[in-house]
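Protein chains in written order, with this note's numbering: chain A, 128 to 403; chain B, 510 to 718; chain C, 510 to 718. Okay, so here's the structure we're looking at.
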Amino acid sequence: MQDESSFLTTPLSSEIQARVGDTTLTELPEDLHVPDDAMIVLLESFEGPLDLLLYLIRKHNLDILEFSLTDIADQYMQYIELMSTMRLQLAGEYLVIAATLMLIKSRALLPQLDELTGDDEDDPAAVLRKRILEYERLRSASERLDELPRLERDLHASQLPVALTQIEEQQPNIDLQELVLVFADLVQRAKLHQRHQVTRMTITVRARMTTIVARLNAAQAPTPFEELFNVREGKASVIASLLAILELMRSHVVRVVQPQPFANIVVSLADYEASG
Amino acid sequence: MAELQTSDVKRIVEVLLFGAEEPLNLAALMSTFEGEYEDPSVFRGVLIDALDELENDFKTRGVELVQVASGFRVQVDSEHSEWVHKLWKRNPPRYSRALLETLTMIAYQQPITRSEIDEVRGVTTTGSILRRLLDRGWVRELGRKQVPGLPILYGTTRAFLDYFNLRSIGDLPPYANGDASLVQPETLDQPQIISSDDAPETTSQNVAD
Amino acid sequence: MAELQTSDVKRIVEVLLFGAEEPLNLAALMSTFEGEYEDPSVFRGVLIDALDELENDFKTRGVELVQVASGFRVQVDSEHSEWVHKLWKRNPPRYSRALLETLTMIAYQQPITRSEIDEVRGVTTTGSILRRLLDRGWVRELGRKQVPGLPILYGTTRAFLDYFNLRSIGDLPPYANGDASLVQPETLDQPQIISSDDAPETTSQNVAD
């Protein structure tokens, strides 16, 4: 097993600061040293937390049944930190596994408790190990499925047209209503495809940010949160407004305050708040 | 690379004709064999001889080699077509969801190109679906779109209207009422109307029994 | 109508195999010839002989007669497939690991619910993939599991088996064994497969053998 300190050697970028437990990393662990672009591709290529764990285990040629979960836990946490540093969207499932790993680690510090329970069902380490094993099996099975010869890729079924003669009533029947339903469904799908594009063209978040700032500027007072939305403009508009407010909050242009529990939420310009 | 024997070429051309989804022209054949011959004009002759021989061979096999606008293709000859029709009549194939989607796209959006259909369906519309609709006589080529590549424009036929008892395309029912844009995709998921395999076959046949 | 000669039957079967869109089973062939024979069991033998002979004939022609879940089909043999690839140049559809993992879960563990798939995959993104598999016609809903919430149970279809050149679910490569180490899953035992009711028969024999 690799010593944790050996991870902390190669600098990658001075901007990267990740915290692992109480340690602040200003350098990337050695075994994570890959070019930025490649890193993003790598991180995005994981199918989920189990896949990531499996990757770490395989990378070190560890035996799934024998490897030290606490050692893997540290590396896993480094990846999680990296993902958030690089603002990759982090699915909740990653955090659940992270919490489990932390639990396992903390239990390892209290070995006597571990012995007391003794039951595999209750041992998060045993449960996690089992899940990784099961996922590994699924992965290799799906790789074998992928290797099977299949139509379109490896096989070419022969299907010849027939000479044009009178083709009559020998075909399957379709109900007109069916066509209508199918088309309605397609239109819906097309709309879903295009939604981002439409949103960007008509109601951009940026434009909405401008409107909201102008509005708050004019009001010169905290404005009720709801008043910044126009429900009649439809869902896209509401979402755009919400995104705009969140973006403004993030860049500290506005402040969103709920004075007391259950009170109305109010939004104000940050500098208004500061100056007056 | 070892030069191919003339008999190999003939067999490969046969396979290509059977495996191709669209008619093949000499240029397509030449480029498929690229690197396998020295002298293009000699090889062109080899190809033409192969096609000639195949045309003869096919005569005894219920298929025929025909030359259409875009090239050569093998099809079931007219004498045997009735058997294929009988097969369809007695074993009506279920239309796949993919075929229905393609047909509705053409009906409502004609004239439309294959890539425009693909764009909405989010998948590649295989040539075989379009050919099937063309074979069935419900869809026809209307012309070519005046954009780079001059893609074929498809539309529906009189036979399509007749089948659905419509006088004109304008009689097609509106496909959606009101604005459904806020509806979540989940609620719109159709039950699989016709998915190729839903109905379990009543007779499961195999050679052994 | 005059009784068909055995040689006629063979030629017609060949044409039907080439002209059919989907694999043909014996029942479909029998019904296509309905009215052309007196004794069904005798004619069935004639058909099987014809298929046998065709299988042999094809061997010299770059194609092969194979039996998949829903019947017999003719496809380009592996030796000649590369030529068709060269001709097409088109990229075949690629399937993501997420989709293949989901499909694998369903194929080997059917009937299975979405949350059971999520549990093993460790993610909750299976929903959109399932829609794609249903759309593709590879997966279908089998019913509902009798547990709280009545989740939908999924299974694979004949179209799935046909696409992957399989006759039955039992032809899938073995899934890894429960308690063995991961190092060599290939050496492990057969999976426990729960066949769905549409799963084709597990015992089916090739014409040839």
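Using N, Cα and C, we set each Cβ at its ideal position, and we do this for glycine too. Predicted, not measured: the structure shown is a model, and the values here were computed from it.
Check: Any C-beta of chain B sitting closer than 9 Å to the C-beta of residue 369 (chain A)?
Finding: False, the Cβ-Cβ gap to chain B never drops below 9 Å.
Note to self: Does chain B have any CB closer than 9 Å to the CB of residue 285 (chain A)?
What the structure shows: Output row for residue 285 (chain A): interface = yes.
Item checked: Whether residue 258 (chain A) touches residue 631 (chain C) by CB criterion (9 Å) -> Yes, the Cβ-Cβ distance between residue 258 (chain A) and residue 631 (chain C) is below 9 Å.
Check: Does the beta carbon of residue 601 (chain C) come closer than 9 Å to any beta carbon on chain A?
Finding: Against chain A, the CB of residue 601 (chain C) has a partner CB under 9 Å away; the residue lies at that interface.
Checklist line | Expected contact under 8 Å - CB spacing of residue 340 (chain A) and residue 365 (chain A) to nearest Å | finding: Under the criterion of beta carbons closer than 8 Å, residue 340 (chain A) and residue 365 (chain A) do not qualify as touching, at roughly 18 Å.
Margin query: Counting only beta-carbon separations shorter than 9 Å, does residue 101 (chain A) have a partner in chain C?
Written below: Examination of residue 101 (chain A) is not possible in this model, given that chain A is present from 128 through 403 alone.
Margin query: Quick test of the definition: if touching needs 3 or more C-beta pairs under 8 Å, does the segment 593 to 612 of chain B touch the segment 544 to 564 of chain B?
Written below: With the cut-off at 8 Å, the segment 593 to 612 of chain B and the segment 544 to 564 of chain B do not touch.
Check: Closest by CA to residue 621 (chain B), which one among B:636, B:661 and B:516?
Finding: Out of B:636, B:661 and B:516, B:661 has the C-alpha closest to the C-alpha of residue 621 (chain B).
Next item on the list: Take residue 396 (chain A) and list the residues in its own chain whose beta-carbon comes closer than 8 Å to its own, dropping the five residues that flank it on each side.
Entry: By the criterion of a C-beta distance shorter than 8 Å, residue 396 (chain A) is surrounded in its chain by 340, 343, 344, 380, 381 and 382, once the five residues flanking it on both sides are discounted.
Next item on the list: Evaluate residue 531 (chain C) with the Cβ neighbour count: other Cβ atoms within 10 Å of its Cβ, from every protein chain shown; 16 or more gives buried, anything less gives exposed.
Entry: By the neighbour-count rule (16 or more Cβ atoms within 10 Å), residue 531 (chain C) is buried.
Item checked: Cβ pair residue 663 (chain B), residue 639 (chain B) closer than 9 Å -> Note that the C-beta distance between residue 663 (chain B) and residue 639 (chain B) is below 9 Å.
Next item on the list: Note down the Cα distance separating residue 338 (chain A) from residue 392 (chain A), rounded to an integer number of angstroms.
Entry: Taking the Cα positions, residue 338 (chain A) is about 19 Å away from residue 392 (chain A).
Check: Cβ of residue 184 (chain A) within 9 Å of Cβ of residue 228 (chain A)?
Finding: Taking 9 Å as the Cβ cut-off, residue 184 (chain A) and residue 228 (chain A) do not qualify as a contacting pair.
Check: So is residue 86 (chain A) buried or exposed if we call it buried at 16+ other beta carbons inside 10 Å?
Finding: Residue 86 (chain A) is absent from the model: chain A starts at 128 and stops at 403.
Next item on the list: Report the neighbours of residue 528 (chain C) on chain F: residues whose CB is nearer than 7 Å to its CB, in chain order.
Entry: Absent from the structure: chain F. Protein chains present are A, B and C.
Next item on the list: Below 8 Å on the Cβ atoms is my guess for residue 584 (chain C) versus residue 187 (chain A); work out the distance and round it to an integer in Å.
Entry: Between residue 187 (chain A) and residue 584 (chain C) the Cβ distance is about 44 Å, and since that is not below 8 Å, they are no contact.
Note to self: Using 9 Å as the threshold, is the C-beta distance between residue 536 (chain C) and residue 596 (chain B) below it?
What the structure shows: No; because the gap between Cβ atoms is not below 9 Å, this pair is not in contact.
Check: Is the shortest distance between the beta-carbon of residue 555 (chain C) and the beta-carbons of chain A less than 9 Å?
Finding: For residue 555 (chain C), the answer is no, since every Cβ of chain A falls outside 9 Å of its Cβ.
Next item on the list: Kindly list the residues whose CB is nearer than 7 Å to the CB of residue 541 (chain B), restricted to its own chain and excluding five residues on each side of it in sequence; keep chain order.
Entry: Sequence-distant Cβ neighbours of residue 541 (chain B) in its own chain, meaning closer than 7 Å and more than five residues away, are 525.
Check: Whose C-alpha, out of B:625, B:668 and B:604, is nearest the C-alpha of residue 656 (chain B)?
Finding: The residue with the shortest Cα to Cα distance from residue 656 (chain B) is B:625.
Check: Tell me the DSSP bridge mates of residue 665 (chain B)?
Finding: For residue 665 (chain B), DSSP records a beta bridge to B:648.
Notebook entry, point to check: Does the beta carbon of residue 622 (chain B) come closer than 9 Å to any beta carbon on chain C?
Noted result: Taking 9 Å as the CB threshold, residue 622 (chain B) stays off the interface with chain C.
Checklist line | beta strand (DSSP E) runs contained entirely in the segment 561 to 614 of chain B, provided each spans 3 or more residues | finding: If you keep only unbroken beta strand (DSSP E) runs of at least 3 residues inside the segment 561 to 614 of chain B, you get 572 to 577 and 580 to 585.
Next item on the list: Name, in chain order, the residues that DSSP records as bridge partners for residue 533 (chain B).
Entry: For residue 533 (chain B), which the question treats as bridged, DSSP gives the partners B:581.
Check: Counting pairs of beta carbons, one from the segment 646 to 654 of chain B and one from the segment 667 to 676 of chain B, are three or more of them closer than 8 Å?
Finding: Contact between the segment 646 to 654 of chain B and the segment 667 to 676 of chain B is present: three or more C-beta pairs spanning the two stretches fall below 8 Å.
Note to self: For a contact defined as C-beta to C-beta under 9 Å, what are the partners of residue 596 (chain C) on chain B?
What the structure shows: Within chain B, the residues whose beta carbon sits less than 9 Å from that of residue 596 (chain C) are 525, 528, 529, 533, 537, 538, 540 and 541, listed in sequence order.
Notebook entry, point to check: What in chain C is Cβ-close to residue 268 (chain A), meaning under 9 Å?
Noted result: The answer, in chain order, is 610, 613, 614, 616, 617, 681, 682, 683, 684, 685, 694 and 700.
Note to self: Below 9 Å on C-beta distance, what does residue 674 (chain C) contact in chain A?
What the structure shows: Below the 9 Å Cβ cutoff, chain A contributes 275, 276, 277, 278, 281 and 282 as neighbours of residue 674 (chain C), in chain order.
Next item on the list: Kindly list the residues whose CB is nearer than 6 Å to the CB of residue 202 (chain A), restricted to its own chain and excluding five residues on each side of it in sequence; keep chain order.
Entry: The residues are 183.
Check: Which partner residues does residue 284 (chain A) have in the DSSP bridge list?
Finding: Per DSSP, the beta bridge partners of residue 284 (chain A) are C:584.
Notebook entry, point to check: Are residue 594 (chain B) and residue 571 (chain B) closer than 9 Å when you measure CB to CB?
Noted result: Result no, Cβ atoms of residue 594 (chain B) and residue 571 (chain B) do not sit closer than 9 Å.
Next item on the list: Please state whether DSSP places residue 540 (chain C) in a helix, a strand or coil.
Entry: Look at residue 540 (chain C) here: in three-state DSSP terms it is helix.
Check: Along chain C, in chain order, which residues have C-beta atoms closer than 9 Å to that of residue 520 (chain B)?
Finding: Taking the beta carbon of residue 520 (chain B) as reference, the chain C residues within 9 Å of it are 569, 570, 571 and 589, listed in sequence order.
Checklist line | Contact with chain B by residue 548 (chain C), beta-carbon distance below 9 Å | finding: Not flagged as an interface residue toward chain B: residue 548 (chain C), since no C-beta distance is shorter than 9 Å.
Margin query: Tell me the rounded alpha-carbon separation between residue 519 (chain B) and residue 562 (chain C).
Written below: C-alpha separation (whole angstroms): 22 Å.
Notebook entry, point to check: From C:586, C:582 and C:643, pick the residue whose C-alpha is nearest to that of residue 612 (chain C); which is it?
Noted result: Closest by alpha carbon: C:643.
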